[in-house]
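In this text, residue positions in the sequence shown follow my numbering: the first is 107, and each later residue adds one.
Ideal Cβ positions, reconstructed from N, Cα and C, are used throughout, including at glycine.
What you are looking at is a predicted structure, and each value in this text was computed from that prediction instead of being measured.
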Amino acid sequence: MEKSSGKALVEVGGLGLSLLVPLSTFSALPQPPEEVTLMTRLIIREESWDLFGFATALERETFDILNSVSRVGPKLALTIISAIEPDELAQALMTQDLPRLSGIKGIGLKTAERLIVELKDKAQKLAAAGLAGAGPQAFSKKEEMVQALINLGYTRPEAERGIRAATQALGPEADLGQMVREALKNLSLR
């Protein structure tokens, strides 16, 4: 396996496959030549065959849901998944948080409105899938950690990336202080 910004080259049975991956999956990839298991989605269009890889089934499901929206193609869906966690996306859709959605690179106000209108029925399903097994306080705990990092001067995307890395390193059961310290350690390495 090799990785470069937004891409992973994975060897499967002697064949090298280039996958486009969201930022969350990219940061979860082990260092080459470690083995990796990814969920995939193949998108075939006239001019190209694009293979997308995801660390979790939830990311892949979110990708599929986003692709169902008119004028949201696979690359924009990947950008959205890189910028916002699936449970946060569901929350933004359910609360019709236009500033949060339109703040994502490549998403304007009209696209944000289209996402809200076309995904209002699927947002509940996405939220339920994202919080399954995580307990009812999962969203508020995560948001509290993100806010702590924002208060320390990090941007929201940096804070979310740090918390994602901390959650992968320590597991979702770690206490708030441990998670923030681990996130700070990861952010300082970049």
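- The alpha-carbon separation between L290 and V118 amounts to approximately 35 Å.
- Between V178 and L144, the gap from beta carbon to beta carbon reaches 9 Å or more.
- L148 is not a Cβ neighbour of S124, given a cutoff of 9 Å.
- Secondary structure of V127 (DSSP, three-state): coil.
- Taken through DSSP and simplified to helix, strand or coil, T146 comes out as strand.
- In the structure shown, K109 falls within a strand segment according to DSSP collapsed to helix, strand and coil.
- Only residues of its own chain outside the window of five on either side were considered, and among them S133, A289 and N292 have a CB closer than 7 Å to the CB of A271, listed in chain order.
- Taking a contact as a CB-CB distance under 8 Å, the pair L172 and I186 counts as one, their CB atoms being some 6 Å apart.
- In the displayed model, L157 falls within a strand according to three-state DSSP.
- Rounded to the nearest angstrom, the Cβ distance from L121 to T168 is 27 Å, too far for a contact under 8 Å.
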